[in-house]
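Visitor: Take a look at this one; I'll ask things after.
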């Protein structure tokens, strides 16, 4: 105590380590935080170390912003410092960040947001009346008519009403209740909140959460954080990453030995895999075979699955699944008493002309009262994807079905601890679900912008699939939806050995080499999960068409080179 | 299986419960979610129930938006339906939500935000050049020059630089490193993130987290969620809610029997208690005694603490504590190997002319290298409080000191799972730390607006203290800082009995009666913690002066009535 007091007296001016005041690119800052350890001075042992920290947090992995992205940040720093590389820029194809790739915001959305932000603009003649109408409506529902007030924990009331109206329209009249809508800080927040409530038990009673493999790594990360049990079910790569209910059965049966499977997560359209569990149209192959034409320029004929194919059978290859597959999954959840989580953030990103998005909610209701009154479902949407691509606003919503009223109270309580989702993100969500309609002043420009984004994405989906499939040792399933290609790559045995020597997963080794040699940043399949012995990577299709072509060509050249080098 | 298939076939149109499509105020929606249970049809047992849910989440309590606020929502609904009450509106004095109470946003902040949101406005002559300059700088640091892109998980680089520069200025030159700044979704997000990393161990090794009583209930909620051990230390109500290091010692010693105390949380200025651990000025009482004048109109003389008071001693009553108190706390943390969390979101809300905010970071550095190289500290700030009061944007930052580099990597990884804080909130944080300076076009208007808000708050702090202290059975310590009064209320024995009959805490009973009779919504002290047998409530001082006077008068009348009724 006396010694300490002496130390207090001894202290005088502040110390100035050499690192202070330094400025770095933000990516580089992240990189340096992880990869560099500054020389230690004589120090006491720290309280918070890798050994003493929360082991569940330590176990978390998040590939989309993992080591490969930190490396990309390092390389960017080196380029800034003038270090010569075989490329001049890093292309961050690791994440679905549309506007960072040059996609322009939808004008109407930003007009409404600007009006809400600075209501003086409501008097400006340069803003259209329909945007002003939307802004006034949102502001009137905010405390003090301001985006700067907290909203109710569940979200601004009129925005929840707009979300419910949107869902009702989307689902062809199946009604949605604003009471069941919870606005969230992006979809990730909703998913982790509902999982947080769901996880319980210890030992063999610990909650098991079924997730697809490959998965979006938010799921595995939250499962680690919550110390829940991850129960993998594998998507069928040979069948365009289809979800097979028999595989769900296998997974749940095996899981019951060591945990209590309670939750089934579905990602539709798939991330990273792009498959879309939807469509009521007949299989295009069969239509072609039977002489009908869908008016497409080119139609690849696939092997038909069954001998007794009829017009309304779907061939395995196309996997334009009828609603039957969604029905099967819902029935499985009903049978096995599983809480359903439907991640539907890519619902507007369906490119295959043979696919159409069907929500789990809609199919559930159309299956009749035994299901619609009993199956517990939470589904998720976001401002970040679709054609608006407003990732930075962190807007999203969750719709819950058949949630016990007491649990709804618990949910509101839990959400209220963080007070509310960002109100600007809530306003952005409102525009996503409530865009201009025919007859409104902004409709034409809005439609033009929307079609341009979605048309380009569809074009890029096809381009990517086609180009990857021309490369020996790369196979890419059709990109029916979402924003990613997840091609399977052949990695030669010598490269696998080299990876092992570097203590890396073979596809991480591959992606690191790709990054170092071309500046292209993609995420190894091991970050999403894949069948043992198979290798993949995830790449966004978001770069502008010409840039995407260059990227694909570079990947092709790299891959051929890689195969030669490790032959 | 066959039965299920039959059920699928049987299903036809969607059902339409009477509740669908209904519209409610958002508060009422929250209320109904908790308080009403719709009649159950024949149902299967649900998967997610109060019994099966995560028990740690079930244990969470959050008084600021708890039962009293749900009741307020119900009453608002009743008023809307035309049900007669002894009042015409509910006054939500339960939460520090400045703009909901009519405070106008700072013009400059909203101008910059509007420019960032809709960059077409950068060509508009109606926006000042300094706002445009800020907006351009922020946009240039965003992917695709857009608020709609994800930022780095740690936050936009130039905003972290501005935060570091602000801290350096604030702390009189003690340098801050942008690498140590993490932008967050409000301060709550930062606090819960760092606690999540800190908590580990089982049984007697489970992490103990020391929090003040009374506390801001985010702390107890997060501690419940993480299944950590809450270690209470009591603030000294008799001494203006001072923090006494002997009490910290008592608390940590007792805690060691059943957990591993690893974290010490400090809220300064205090929430809900408003005390401010700061000030280097002499005690105003002593100055008065010694004939000096501070130029204040009225100066209440307090009993001087010690007989040998000198000009630079501080009397207990004023509790204008010298930096000595902060030093003592830091030394205690150093000695006991505690990780320090300094919640400093009210750093701009210091009203007593005798108080000045001192950050823990600054004092830590000035205590010399043994402390500045060893004590692990995370401190927090927010866009929600101060004079900007931008709660809805959910902006905040955390500064970490002496965090192990490996832990910084873990922190970035954990933050990256949620991708990034809302970029609009980050931009708002930038303006909070980087407002107009003398010589800039907007400086005059900004200064006027800032002084108006802070001047009013100071006036309301004094008004509230004075008025409460005129009421028999209410005692209110000086409101040195923050935005709340936390008066102690006398509750007669008969009222305590009545509360018990209603299975309510006595102060919850009191606050419910206050709400029902006057429409004023305040939060019972039991939601924040208080010494057994004492009762309090928390009320914001944010309503406009005239309205606040009415509110205080109504509380006074209610209280006198209450005392009579239960005499």
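Chains as they are written, first to last, in our numbering: chain A, 1 to 567; chain B, 1001 to 1567.
Glycine included, each C-beta is placed from N, C-alpha and C at the ideal position.
In this text the structure is predicted, and so the values were computed from the model without any measurement.
1) According to the neighbour-count rule (16 or more other Cβ atoms, all chains shown, within 10 Å of its Cβ), is residue 119 of chain A buried or exposed?
2) What residues from chain D crowd round residue 1488 of chain B, counting only those whose CB sits closer than 8 Å?
3) For chain B, check one thing: does any of its Cβ atoms lie closer than 9 Å to the Cβ of residue 16 of chain A?
4) In terms of residue numbering, what span does the alpha helix (DSSP H) encompassing residue 1113 of chain B cover?
5) I need the DSSP call for residue 84 of chain A, collapsed to helix, strand or coil.
6) How do the segment 1365-1380 of chain B and the segment 1133-1145 of chain B stand: do at least 3 beta-carbon pairs fall below 8 Å, yes or no?
7) Tell me the rounded alpha-carbon separation between residue 1553 of chain B and residue 1544 of chain B.
8) Please list, in chain order, the chain A residues whose beta carbon lies closer than 8 Å to that of residue 1512 of chain B.
9) Report yes if the C-beta distance between residue 1184 of chain B and residue 1147 of chain B is below 9 Å; otherwise report no.
10) Going by C-alpha distance, which of A/530, A/507 and A/228 is nearest residue 559 of chain A?
11) Label residue 1437 of chain B either buried or exposed according to how many other C-beta atoms from any shown protein chain fall within 10 Å of its C-beta, with 16 as the threshold for buried.
12) Just to confirm before moving on: does the CB-CB distance between residue 428 of chain A and residue 390 of chain A stay below 9 Å?
13) Cutting at 6 Å between CB atoms, please list the residues of its own chain near residue 163 of chain A, excluding the five before and the five after it.
14) Just the chain A side, please: which residues come within less than 7 Å of residue 1044 of chain B by C-beta, in chain order?
15) Give a yes or no on whether 9 Å exceeds the smallest Cβ distance from residue 1570 of chain B to chain A.
16) Can you find a CB in chain A that lies within less than 9 Å of the CB of residue 1547 of chain B?
17) Is it true that the segment 1227-1241 of chain B meets the segment 1067-1084 of chain B, where meeting means three or more beta-carbon pairs spaced less than 8 Å apart?
18) Ignore the nearest five residues each way along the sequence and tell me which others in residue 1115 of chain B's own chain have a CB closer than 7 Å to its CB.
19) Leaving out the 5 sequence neighbours to the left and right, which residues in its chain are closer than 8 Å to residue 442 of chain A when beta-carbon positions are compared?
20) Kindly give me the distance between the Cβ atoms of residue 1350 of chain B and residue 1357 of chain B, rounded to whole angstroms, as I take these residues to be in contact under 8 Å.
21) According to DSSP, simplified to helix, strand and coil, what is residue 1399 of chain B?
22) If we count the other Cβ atoms within 10 Å of its Cβ and call it buried at 16 or more, is residue 455 of chain A buried or exposed?
23) Under a three-way DSSP split, which group does residue 1414 of chain B fall into?
24) Who pairs with residue 485 of chain A in a beta bridge, going by DSSP?
25) So what's residue 1432 of chain B in DSSP terms, helix, strand or just coil?
26) How would you list, in chain order, the residues of chain A whose beta-carbon sits under 7 Å from the beta-carbon of residue 1356 of chain B?
27) Report yes or no: is there a C-beta of chain A within less than 9 Å of the C-beta of residue 1457 of chain B?
28) Alpha carbon to alpha carbon, how far is residue 1067 of chain B from residue 1088 of chain B?
29) Give a yes or no on whether 9 Å exceeds the smallest Cβ distance from residue 1103 of chain B to chain A.
30) Pull up the distance between the alpha-carbon of residue 96 of chain A and that of residue 483 of chain A, whole angstroms please.
31) May I ask you to report which of helix, strand or coil DSSP gives residue 422 of chain A?
32) Determine the extent of the beta strand (DSSP E) in which residue 207 of chain A is found, giving its start and end residues.
33) I'd like to know whether the C-beta of residue 424 of chain A is nearer than 9 Å to at least one C-beta of chain B.
34) What three-state label does DSSP hand residue 1271 of chain B in the structure shown?
35) From this set, A/204, A/209 and A/203, which residue's C-alpha is nearest residue 197 of chain A's C-alpha?
36) Can you list, in chain order, the residues of the segment 1213-1247 of chain B whose Cβ is nearer than 9 Å to any Cβ on chain A?
Guide: Let me lay it out:
1) What you label residue 119 of chain A is simply residue 119 of the first chain in a count that begins at 1. Buried, since its Cβ has 16 or more Cβ neighbours within 10 Å.
2) Absent from the structure: chain D. Protein chains present are A and B.
3) The residue labelled residue 16 of chain A in the question sits at position 16 within the first chain. Residue placement at residue 16 of chain A cannot be trusted, given a pLDDT of 34 that sits under 50; what the coordinates show is reported in the next sentence. Interface residue, yes.
4) What you label residue 1113 of chain B is simply residue 113 of the second chain in a count that begins at 1. 1107-1117 is the extent of the alpha helix (DSSP H) around residue 1113 of chain B.
5) For the purposes of this step, residue 84 of chain A is taken as residue 84 along the first chain, with counting starting at 1. Residue state, collapsed to three classes: coil.
6) no
7) Sequence index remark: in the second chain, residue 1553 of chain B carries index 553 (1-based). Sequence index remark: in the second chain, residue 1544 of chain B carries index 544 (1-based). Spanning the two alpha carbons is a distance of roughly 14 Å.
8) Against the second chain, residue 1512 of chain B aligns to sequence position 512. Going along chain A, no residue has its Cβ under 8 Å from residue 1512 of chain B, so there is no contact; the nearest lies around 18 Å.
9) The sequence position of residue 1184 of chain B within the second chain is 184, counting from 1. The sequence position of residue 1147 of chain B within the second chain is 147, counting from 1. For residue 1184 of chain B and residue 1147 of chain B, no; Cβs fall outside 9 Å.
10) Translated into positions along the first chain, residue 559 of chain A becomes position 559. Checking every option, the nearest Cα to that of residue 559 of chain A belongs to A/507.
11) The residue given as residue 1437 of chain B occupies position 437 in the second chain. Counting Cβ neighbours within 10 Å, residue 1437 of chain B comes out exposed, since fewer than 16 surround it.
12) Looking up residue 428 of chain A in the first chain gives position 428. Looking up residue 390 of chain A in the first chain gives position 390. Cβ distance < 9 Å, so residue 428 of chain A and residue 390 of chain A count as in contact.
13) The residue labelled residue 163 of chain A in the question sits at position 163 within the first chain. Only 181, 397 and 433 meet the Cβ criterion.
14) The residue labelled residue 1044 of chain B in the question sits at position 44 within the second chain. Residues of chain A passing the Cβ test: 374.
15) The shown model of chain B, from 1001 to 1567, leaves out residue 1570 of chain B, and the question about it has no answer.
16) As a working mapping, residue 1547 of chain B is identified with position 547 in the second chain. Answer no: the Cβ-Cβ gap between residue 1547 of chain B and chain A never drops below 9 Å.
17) no
18) As a working mapping, residue 1115 of chain B is identified with position 115 in the second chain. Answer for residue 1115 of chain B: 1121, 1122, 1127, 1131, 1132 and 1135, listed in chain order.
19) Along the first chain, read from residue 1 onward, the residue named residue 442 of chain A stands at position 442. These residues qualify, in order along the chain: 107, 108, 111, 128, 130, 131 and 436.
20) Stepping through the second chain from its first residue, residue 1350 of chain B is reached at position 350. Stepping through the second chain from its first residue, residue 1357 of chain B is reached at position 357. So it is a contact: roughly 5 Å between Cβ atoms.
21) Position 399 of the second chain, counting from 1, holds the residue named residue 1399 of chain B. Residue state, collapsed to three classes: strand.
22) In the first chain, counting from the first residue as 1, residue 455 of chain A sits at position 455. Exposed, since its Cβ has fewer than 16 Cβ neighbours within 10 Å.
23) By 1-based counting over the second chain, the position of residue 1414 of chain B is 414. Reduced to three states, the DSSP call for residue 1414 of chain B is helix.
24) Counting from one through the first chain, the residue named residue 485 of chain A turns up at place 485. Beta-bridge pairing links residue 485 of chain A to A/539.
25) Position 432 of the second chain, counting from 1, holds the residue named residue 1432 of chain B. Here residue 1432 of chain B sits in helix by DSSP.
26) Position 356 of the second chain, counted from the first residue, corresponds to residue 1356 of chain B. Ordered by position in chain A, no residue passes the 7 Å Cβ test against residue 1356 of chain B, which lies about 19 Å from the chain.
27) As a first step, residue 1457 of chain B is located in the second chain; it is residue number 457 there, counting from the start. Closer than 9 Å: no.
28) In the second chain, residue 1067 of chain B corresponds to position 67, counting from 1. In the second chain, residue 1088 of chain B corresponds to position 88, counting from 1. Cα-Cα distance, rounded: 21 Å.
29) Against the second chain, residue 1103 of chain B aligns to sequence position 103. Output row for residue 1103 of chain B: interface = yes.
30) For this step, residue 96 of chain A is matched to residue 96 along the first chain. For this step, residue 483 of chain A is matched to residue 483 along the first chain. Whole-angstrom Cα-Cα distance: 7 Å.
31) Taking the first residue of the first chain as 1, we reach residue 422 of chain A at position 422. Residue 422 of chain A falls in the coil class under three-state DSSP.
32) Your numbering for residue 207 of chain A matches position 207 in the first chain. Start and end: 207-213.
33) The count along the first chain starts at 1 and reaches residue 424 of chain A at position 424. Closer than 9 Å to some Cβ of chain B, the Cβ of residue 424 of chain A qualifies, so yes.
34) Position 271 of the second chain holds residue 1271 of chain B. In the structure shown, residue 1271 of chain B sits in coil (DSSP, three-state: anything other than H, G, I, E or B).
35) Here residue 197 of chain A corresponds to residue number 197 of the first chain, with the count starting at 1. When only C-alpha atoms are compared, the closest one is A/209.
36) 1217, 1218, 1221, 1222, 1225 and 1226
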